[in-house]
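Numbering (our numbering), first residue to last: 165 to 231.
Idealized CB from N, CA, C, for every residue including glycine.
Working notes for the structure below.
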Amino acid sequence: MDILKKPIKIEYIENAGALKKFAKHHSDYIICLMDRKPDFWRKLGITHSRITDLGPLPSTPVIALHR
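Structure representation (structure tokens):
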């Protein structure tokens, strides 16, 4: 399969604004984010993940992984 022969690009993006800009100009990418494991307060719904602060990223799929 040709898809297996293509290299995977890894880029470090420092903040949410830069990530939104990157997603806007790279709609053919799949974005994978590393997120902290939910703590006690997040499990109760009192706090939330930084990923939810991003809002929707139209036409760019996002995968969130927990450390």
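Which first and last residues belong to the alpha helix (DSSP H) in which residue i is found?
i, result
"Asp-215", "Correcting the residue identity first, residue 215 is Ile in this sequence and not Asp. 214-218 is the span of the alpha helix (DSSP H), which, as asked, contains Ile-215."
What residue range is occupied by the uninterrupted beta strand (DSSP E) comprising residue i?
i, result
"Leu-229", "226-230"
State buried or exposed for residue i, treating a residue as buried only when at least 16 other CB atoms are found within 10 Å of its CB.
i, result
"Leu-183", "buried"
"Ala-228", "exposed"
"Ala-187", "buried"
My understanding is that residue i touches residue j, with C-beta atoms under 8 Å, so please give their C-beta distance in whole angstroms.
i, j, result
"Ile-215", "Asp-203", "Contact doesn't hold; Cβ gap of about 14 Å is too wide."
At a cut-off of 7 Å, is residue i close to the ligand NAD when judged by its beta-carbon and the heavy atoms of the ligand?
i, result
"Leu-218", "Ligands displayed in this structure: none; no statement on the ligand NAD is therefore possible."
3-residue-minimum beta strand (DSSP E) runs that sit fully inside the stretch 185-211, ordered along the chain: Complete beta strand (DSSP E) runs here, min 3: 195-199.
Would you check if there are 3 or more beta carbon pairs closer than 8 Å linking the stretch 186-205 to the stretch 214-224? The count of Cβ pairs closer than 8 Å, one atom from the stretch 186-205 and one from the stretch 214-224, reaches three, so the stretches are in contact.
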